[in-house]
Amino acid sequence: MNDVLDDDEARALRAQRIIDAVAAIPRGRVASYSAIAARAGYPGRARLIGRVLGEAPNRLDLPWHRVLRADGKIGIPAGTRGYREQCRRLKDEGVVVKDGRVPMSAFGLDHDLDRAIWG
DNA sequence: AGGGTGACCCGCA
DNA sequence: CTGCGGGCCACCC
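When you line the first sequence up against the numbering used here, it's residues 650 to 768, in that order.
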C-alpha cells in the first residue's frame, strides 16, 4: 500500500548513508564523489552525492567541502558562492587548492579507503 | 512518455 | 592537455 512511503524511506536511507560517509572524512583530507558513493554502499552513483549534499540541511554541519571530483577539482561551478566557500574552507584546514584543484595524491582519502578495503 | 540537466566517472582517441 | 561517448540516475518540465 505504501509504495510512495517506501520510496521516501529508501531515499532517506540513501541520504543518511551518504551523509555518514561524508561526515567521516577527516579534517584536512578530501575524498571523491565516487569514493563516497562506494563507501556509502552505492558504487557507480557519484551523481547522487552531489544531489544529496545540495539538499542536506546546513544544521548538520557536514564537511561537504571535503568532497571533490575524482580529478581533484571542485565540483561546484566556478564563480559561484559555494565554489568560493569550498576553497576557503579547504584552505582554512590546510588543504592546498590551486586553480580550483586539490592534489589528490597528497590529500585524497580514496587511496586510504582502498587500502582499508584490501587490507 | 520522452527529453534536458547536473556538486560525476571512466576509457579512449 | 582536450574532447567524445556511454554509463549512471533523480528530477523537472
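Beta carbons: idealized from backbone N, C-alpha and C, even for Gly. Computed from a predicted model, the values in this text were never measured in an experiment.
Open item on the list: Tell me which residues share the same chain as residue 698 and place their Cβ nearer than 7 angstroms to its Cβ, disregarding the 5 neighbours each side in the sequence.
Closed with: Against the first sequence, residue 698 aligns to sequence position 49. 667, 682, 685, 686 and 716.
Task: At least three beta-carbon pairs within less than 8 angstroms, the stretch 690-709 to the stretch 738-750 - done: no
Task: Pairwise C-alpha distance: residue 727 and residue 671 - done: Numbered from 1 along the first sequence, position 22 holds the residue referred to as residue 671. Numbered from 1 along the first sequence, position 78 holds the residue referred to as residue 727. If I take the Cα positions, the gap works out to 22 angstroms.
TODO: Enumerate in chain order the residues of its own chain whose CB-to-CB distance from residue 756 is below 8 angstroms, with the five nearest sequence positions on each side excluded.
DONE: Here residue 756 refers to the residue found at position 107 of the first sequence. If we look at residue 756 and ignore the five residues flanking it on each side, its Cβ neighbours are 677, 678, 679, 744 and 745.
Task: Spatial distance of residue 723 from residue 759 (CA atoms) - done: Within the first sequence, residue 723 is the residue found at index 74, counting from 1. Within the first sequence, residue 759 is the residue found at index 110, counting from 1. Rounded to whole angstroms, residue 723 to residue 759 spans 16 angstroms at the Cα level.
Open item on the list: Spatial neighbours of residue 694 within its chain, please: C-beta separation below 8 angstroms, excluding the five flanking residues on both sides.
Closed with: Here residue 694 refers to the residue found at position 45 when the first sequence is read from its first residue. So the list reads 686, once near-sequence residues are dropped.
Open item on the list: Which same chain residues end up closer than 6 angstroms to residue 734 when comparing Cβ atoms and leaving out the 5 residues on each side of it in sequence?
Closed with: Stepping through the first sequence from its first residue, residue 734 is reached at position 85. Once the five neighbours on either side are set aside, residue 734 has no close Cβ partner at all.
- [ ] Using only alpha-carbon positions, find the residue among 688, 661 and 730 that is nearest to residue 673.
- [x] Working through the first sequence from its first residue, we reach residue 673 at position 24. Of the listed residues, the one whose Cα sits closest to residue 673 is 688.
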